[in-house]
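A.B. asks:
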Amino acid sequence: MENRSYQTKLETRSNEDKTVSVKGTAIVFDKDSVDMGFIERVERSALDNVNLDDVMLVYGHDINNIIARTSAKTLNLTIDDVGLHFEGNIPDTMLGRDLTTNINNGNLQGNSFGFTIADDDWEERDGQFFHIIKRIGELVEISLTPYPAYKDTDLEISMRSLNNFKESQVKNEKLKRELNKLKPFDI
């Protein structure tokens with residue numbers, strides 16, 4: 001599973017039934033990430049046909065710190081041209097009260113999402129590598145984070161994929177040179 005973080009605005013809202021909810025944008029489509037050794041972009045169609053029936057909203061990528069869940073009808077997900085938006089009911093628990101206070105105080109400033117990749121592509125332009133996520137296989141969780149950042153541990157799978165892409169480019173160049181040697185000489 002891979003994790004990606006975004007700094008977005010998190011908001012809490014007190015509902016008529018005295019419950020509190022949190023909302024934000026979990027995935028932003030067609031926007032370049034910060035440079036992580038590569039630049040990543042999630043295509044608008046990446047969530048087409050992805051089953052969102054059991055996605056969790058958690059704190060700190062820890063499924064033991066569950067806040068809401070689509071299968072429990074405590075987490076609502078919507079997709080538009082901007083991205084994937086979420087709204088989850090914060091439970092009246094110690095964690096829920098702490099999260100509400102920390103969001104309202106500005107201590108929690110973003111979110112991240114855990115996912116698998118079904119289809120992606122790598123490109124190199126002017127010495128910069130670009131990772132294009134064409135299709136997400138599974139969206140496992142959305143995580144509220146105190147300081148959204150791309151951590152090295154979160155990038156391990158993508159860095160391995162980037163290294164494979166670089167190796168294939170080197171092999172392709174070697175094959176091209178060998179093929180050029182085999183071409184008949186022009187007379």
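Heads up: the sequence shown begins at 1 in UniProt numbering, then just goes up one per residue.
The beta carbon of each residue, even a glycine, is placed where N, CA and C say it ideally should be.
Note that the structure is predicted; figures quoted are calculated from it, not measured.
Where does Thr74 sit, in a helix, a strand or coil, going by DSSP?
C.D. replies: In the sequence shown, the residue the question calls residue 74 occupies position 74. In this structure, Thr74 counts as coil in the three-state DSSP scheme.
A.B. asks: What is the DSSP secondary structure of Lys23, counted as helix, strand or coil?
C.D. replies: Locating residue 23 in the sequence shown gives position 23, where the first residue counts as 1. Strand.
A.B. asks: Count the C-beta pairs between the region 22-36 and the region 79-90 that are closer than 8 Å, then say yes if the count reaches three, no if not.
C.D. replies: The answer is yes - the region 79-90 touches the region 22-36, with three or more Cβ pairs under 8 Å.
A.B. asks: Leaving out the 5 sequence neighbours to the left and right, which residues in its chain are closer than 6 Å to Leu144 when beta-carbon positions are compared?
C.D. replies: As a first step, residue 144 must be located in the sequence shown, where it is residue number 144. Within the same chain, Leu144 has close Cβ partners Tyr59, Leu108 and Asn111.
A.B. asks: Would you tell me roughly how many angstroms separate the C-alpha atoms of Arg41 and Gly137, rounded to the nearest one?
C.D. replies: Against the sequence shown, residue 41 aligns to sequence position 41. Against the sequence shown, residue 137 aligns to sequence position 137. One C-alpha to the other measures close to 16 Å.
A.B. asks: What do you reckon, are the CB atoms on Val22 and Leu139 nearer than 7 Å?
C.D. replies: The residue given as residue 22 occupies position 22 in the sequence shown. The residue given as residue 139 occupies position 139 in the sequence shown. The answer is no: Cβ separation not under 7 Å.
A.B. asks: Strictly by DSSP, which residues pair up with Gln169?
C.D. replies: Locating residue 169 in the sequence shown gives position 169, where the first residue counts as 1. In the DSSP output, where bridge partners are listed per residue, Gln169 has none listed.
A.B. asks: DSSP three-state call for Leu144: helix, strand or coil?
C.D. replies: Sequence index remark: in the sequence shown, residue 144 carries index 144 (1-based). Note: Leu144 maps to strand in three-state DSSP.
A.B. asks: I need the boundaries of the beta strand (DSSP E) containing Gly96, first residue and last residue.
C.D. replies: Translated into the one-based positions of the sequence shown, residue 96 becomes position 96. Taken as a continuous stretch (DSSP letters only), Gly96 belongs to no beta strand (DSSP E), being part of the alpha helix (DSSP H) at Met94 to Asn104.
A.B. asks: Mapping DSSP to helix, strand and coil, what is Glu43?
C.D. replies: The residue given as residue 43 occupies position 43 in the sequence shown. Correct three-state label for Glu43: coil.
A.B. asks: Would you check if there are 3 or more beta carbon pairs closer than 8 Å linking the region 86-101 to the region 58-78?
C.D. replies: Yes: at least three Cβ pairs fall under 8 Å.
A.B. asks: Going by C-alpha distance, which of His61, Ile132 and Thr93 is nearest Trp122?
C.D. replies: Numbered from 1 along the sequence shown, position 122 holds the residue referred to as residue 122. Answer by Cα proximity: Ile132.
A.B. asks: Are the beta-carbon atoms belonging to Leu47 and Ile79 less than 7 Å from one another?
C.D. replies: As a working note, residue 47 is residue 47 in the sequence shown. As a working note, residue 79 is residue 79 in the sequence shown. Yes, these two residues count as a Cβ contact at 7 Å.
A.B. asks: Looking at C-alpha atoms only, which residue of Phe38, Phe130 and Asn89 is the closest neighbour of Gly24?
C.D. replies: Translated into the one-based positions of the sequence shown, residue 24 becomes position 24. Checking every option, the nearest Cα to that of Gly24 belongs to Asn89.
A.B. asks: Report the residue from Leu75, Gly37 and Asn49 whose alpha carbon sits nearest the alpha carbon of Asp119.
C.D. replies: Counting from 1 along the sequence shown, the entry for residue 119 is found at position 119. Nearest of Leu75, Gly37 and Asn49 to Asp119, Cα basis: Asn49.
A.B. asks: CA-CA distance, Leu175 and Arg44?
C.D. replies: Within the sequence shown, numbered from 1, the residue matching residue 175 stands at position 175. Within the sequence shown, numbered from 1, the residue matching residue 44 stands at position 44. The alpha-carbon atoms of Leu175 and Arg44 are separated by roughly 35 Å.
A.B. asks: Beta-carbon within less than 6 Å of Arg135's beta-carbon, same chain only, minus the 5 sequence neighbours each way: which residues are those?
C.D. replies: Against the sequence shown, residue 135 aligns to sequence position 135. Taken in chain order, the residues that qualify are Ala46, Ala118 and Asp119.
A.B. asks: Which term fits Thr116, buried or exposed, when burial requires 16 or more other beta carbons within 10 angstroms of its beta carbon?
C.D. replies: Within the sequence shown, the letter at position 116 stands for residue 116. When all chains shown are included, Thr116 counts as exposed.
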